[in-house]
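These notes are about the structure you will find just below.
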Amino acid sequence: MGEITLPRRMFLWCMALIYLSAFVSLYLQIPGLYGNEGLLPARRQLRYSGKPLMEQLLSSPTLLWLGPRLGLDTHTAMELLCLIGAALSLAATLVEALRGSVVFFCLWALYLSMYQVGQVFLYFQWDNLLLETGFLCILVAPLSLIGGSRGVREHDGMTFWLIRWLLFRLMFASGVVKLTSRCPTWWGLTALTYHYETQCIPTPLAWFAHQLPVWWQKLSVVATFVIEIAAPFLFFSPLRRLRIGSFYLQMLLQVLIILSGNYNFFNLLTMILCLSLLDDQHVHFWLRKADRSPNSESRVWSWLCYLVELAVWSLMIFGSVLCFDLQLDQTKSGISSRTAFTFHQFNQFLKTVTIPCIWIGVLSLTWEMVKAMFRCACVCGFLKRFCGTLQWTVFAAATAAMFTISLVPFTYIEYDSNARLWPGVRRANEVVNRFQLVNSYGLFRRMTGVGGRPEVVIEGSNDGITWTEIEFMYKPGNLSAPPPVLTPHQPRLDWQMWFAALGPHTQSPWFTSLVYRLLQGKQDVIELIQTDVSQYPFHQQPPAYIRAHRYRYWFTRPQADGSYPQRWWRRVYDEEFYPTVHLGNTVLESMLSHYGLKDKAPPRTSNTAVAQVVRGTRGRRWSITQKSQMNRRQWRKKRRRRRKERTVKMNWRRLKKTSRILLVMMKRKMMNEKRTFEDKPTHHLISKLNSIINLIGCLYFI
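Using this note's numbering, the first residue of the sequence shown is number 262, and each one after it goes up by one.
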C-alpha cells in the first residue's frame, strides 16, 4: 500500500466532526432522558459507597464520579462533560494542530463516561462503534498535545491498518448475521420489500424506494450480500485497484442507506472507516493533482495486475450468479433471483473461512509491521533512528494487542472458531470489556414488521372520554406527515419507541416512566416529543389519563392514474399496548415500584458556581429556542406575506413594462403612416387605456 498521509489526515478530521455531532445530539436530550425528572435518571447508575476514587473508576470507568467533588449532581455533570466534548471536537475540527492523541483520548473518555450511565438509550451498535473507533484514533493520531496530523511517522501505516481491520469485521459480520439468523426474508431475498417502511425513521426517499418492483428489491438484496460478505476480502488485497474498487462498493451501499433511512452518524462513521482503503495517490486523483510518487512498475507487471483484477471481478460476478441463480426474466422485464444454497452449506462456508480470515489479518498486519520496521531502520541519524525504533516497539505491541483481543468478538459469528481461541485471549478481552475497546457487530439480523410496521400511539385525555393522540416529532404517527431527514442527529426516545413496539410494554420498563412523566407534565420529557410546545396537545394542562395502542403502518401506494396520494402512510388498529392509567392509579404505582422508577425522596439539586454556569448555558439555549418556536407561525405568515408582495410587485412591473411597449409600438405605427399622434382622437383613447392599466395595477397591488 502506498503512502497514507492524506487519508489519515482526512480520517482524523472526519472523526472530530463525528464526535461533535454525537456530543451535541446527546446534550440536547440529557434533561429529558437522564435528568432528575427524566425518563431514566442517571444518578441511579452511580452508587457512592465511599470507596476510593480509583476503585470506583476501575469498576465503572466514568468521569461522572468526579461530579460530587465539583459540587455537581449526575445529570448536570453529564451536561458539563458533553459541553467539554463538543468544544474539544469543534476545536479539533477547526484546528489541525489539536488533532493529537491527547485530544482524542479526552474525547473517547468523555463519550465512554456518557455510555456508562446511558442505559438503554445509549446501548446502540453505533455507540459501541464510535467508542472502538475513537480509541483507535488515539493510536492513529500524533502522540502530542499540539502537533497536528501533518507529521509522518514510520509506524502510521501499522496503526492505520487497525481501522481497516475494524471495517472488515463490521461489514463481514453485518452480512453474515443476516443469514445465520435464518430470517426467511433475507433467505428469500425479500427483505427490502419490507425494510424501507419498517425501519425506525425512514426518509422521504424511502417511500419512493418502496415502490420499486420486487425483482429489483431482490437484486438489491443480492448486491447487499456481495458488498458485505464477498467485497470485504478485497480490503487486504496487495493490488491497490482492488482495494479502491471495494472502497467505492462500500461507499455506494452507505450512501444509499443514508438516502433511504435516518441512522444518525452510523453510516457516516462507516464511510470514514472506508478511508483506510485509500492512499495518497488516489486522494491526489480526487484533488486533480499530479502524483509525485515515481511509477516504478514495468509494463509487464502492470498488465499482469490488470489480468488478476479482471479475474477477481469476474469471479465475484460468476459467484453471485451461481449462488443466487441470477437469470433474465423476459416475462417481468427484469432479473429473477433466488438463494441457491442451504443454511447447512452456508454454515460450512463460515467454518471454512473464519480461521483463514484471521490468518489473512495476521499476514497483512505482519507485512505492515515489517514495512514500518524497515522505515525506522532507514532513518538518518542515530537519535532519530533510536526514537523511531522505540516508538515502533510500543505501537507494534499496542497494535498486536488490539488485533488479538478483537478476535473474540469477531469469532462470535462462528462458535466453533470462537471455542478454538486461546483461553488467554478471552480472558484479556474480559479484562478490557468494560472500556468498550472491541465489540461485535451485525445490524438487521431479522427483518421486523413483515405484517406491517408496529407503531405505538400514545393518547391522552382530560375526561377519559375524548382522547387526543400525542404525536412525536420524528417517528411515524400522523398519516399525512412526511418522513423527516435527521442525519446525523439521533432522537433516542423515538428510536426506543420503535423497539418498544416490537414486544409488550413489560419488555420496555422505561415506557412506564414515560407515561408517568407525561401525566406529571414534565417539560424536559415533553420536549423529547415536541420541542415546539404549541404542537403538544396538552401544553396548557397535563392529561388526566393516558393510554397507548399498537397500530400497523404501511406506506401508501401510487394511485391508479399514477398520481401520488395525499398521505404517506395508512394504518389499521392492532391491539392495546398500555392500559388506561392516571396519577395514583394502582396499576401505575405497582409498575413504578416494580421497576424502581419512583424516587423515595426528592433528589438534591446542586447550586455551586459550576452548576449555575452549566444550567445557565442550557437556559440561554432553551430560551432562544422556545422564543423562536413560539414565533415560528408568525414568521411563516410574515414570510408568505412578503413573498406575495414580491410577486405582486413583479407582476406590476411586468404589466407596466408591457403597456409602455404597446404605446411605443402604436406610436411608431402612426408615425410610419405620417400622422401626428397628438392631433388624432386615438391619442385620447390610448391615454385612457394607460390610465385604466395603472388603476388595475394599483388595485391588484393593494
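Positions of the beta carbon are idealized from the N, C-alpha and C atoms, including for glycine.
Counting other Cβ atoms within 10 Å of its Cβ, Cys584 reaches 16 or more and is therefore classed as buried. Boundaries for Thr748: no beta strand (DSSP E) harbours it, and the DSSP string shows neither H nor E there. Tyr856 has its alpha-carbon roughly 41 Å from the corresponding atom of Thr485. A direct Cα-to-Cα measurement between Ile279 and Leu391 gives close to 8 Å. Counting along the chain, Glu316 sits inside the alpha helix (DSSP H) bounded by residues 314-320.
One thing to note: Glu675 has its Cβ within 7 Å of the Cβ of Leu611. Taking the Cα of Arg865 as reference, the smallest distance to any Cα among Thr335, Tyr288, Leu287 is reached at Thr335.
As for any alpha helix (DSSP H) of minimum length 4 sitting wholly inside the segment 680-710, the runs are 684-693, ordered along the chain.
Per DSSP, Glu837 is one residue of the beta strand (DSSP E) stretching across 830-842.
Between Phe772 and Leu480, the alpha-carbon positions lie close to 39 Å from each other. Counting the other CB atoms within 10 Å of its CB gives Gln757 a total of 16 or more, which places it among the buried residues.
Taking a contact to require three or more Cβ pairs closer than 8 Å, the segment 733-747 and the segment 504-518 do not qualify as touching. Excluding sequence positions up to five before and after Phe526, its CB lies within less than 7 Å of the CB of Ile279, Ser282, Ala283, Trp387, Pro749, all in the same chain and listed in chain order. Listed in chain order, the alpha helix (DSSP H) elements of length 4 or more contained wholly in the segment 453-495 are 453-459, 465-471, 475-486. Between the alpha carbons of Gly764 and Val669 lies a distance of about 31 Å. Spatial neighbours of Tyr376 in its own chain (CB-CB distance under 7 Å, excluding positions within 5 residues in sequence) are listed in chain order as Leu383, Asp388, Leu392, Gln697.
Proximity of the segment 708-726 to the segment 465-474 falls short of the contact definition, fewer than three beta-carbon pairs being nearer than 8 Å. Distance from the Cα of Thr869 is smallest, within the candidate group Pro329, Leu344, Asn700, for Pro329. Taken through DSSP and simplified to helix, strand or coil, Phe816 comes out as strand. Residue pairing by DSSP places Tyr797 opposite no residue, since no beta bridge is assigned to it. Thr592: not part of any alpha helix (DSSP H); DSSP gives it neither H nor E.
If you look at Thr729, you'll find it in the beta strand (DSSP E) that goes 729-731. Residue burial is scored here from C-beta neighbours: Cys639 has fewer than 16 other C-beta atoms within 10 angstroms and is therefore classed as exposed.
Of all alpha-carbon atoms in Cys343, Lys312, Trp326, Pro322, the one lying nearest the alpha-carbon of Gln290 is that of Cys343. Secondary structure at Ser374: helix, using DSSP grouped into helix, strand and coil. Taking the Cα positions, Pro403 is about 14 Å away from Pro268.
CA-to-CA, the gap between Leu423 and Ile719 works out to about 46 Å. Short of 8 Å from the beta carbon of Lys905, and not among the five residues preceding or following it, lies no beta carbon of its own chain.
The distance from the Cβ of Trp426 to that of Lys439 is about 21 Å, inconsistent with a contact at the 8 Å cut-off.
Between Ser597 and Gln591, the C-beta spacing is not below 7 Å. When the five nearest sequence neighbours on each side are left out, the beta carbons in the same chain lying within less than 8 Å of the beta carbon of Asn679 are those of Val669, Thr672, Tyr673, in order along the chain.
Shown here for Pro798: same chain residues with a beta carbon closer than 6 Å to its own, the five before and five after excluded, namely Thr729 in chain order. By the criterion of a C-beta distance shorter than 6 Å, Cys398 is surrounded in its chain by Met276, Phe365, once the five residues flanking it on both sides are discounted. Of all C-beta pairs linking the segment 680-693 to the segment 784-799, fewer than three are shorter than 8 Å, placing the two stretches out of contact. For Arg549, the secondary structure class from DSSP, reduced to helix, strand or coil, is coil. Remark: C-beta atoms of Ala452 and Met708 approach each other more closely than 7 Å.
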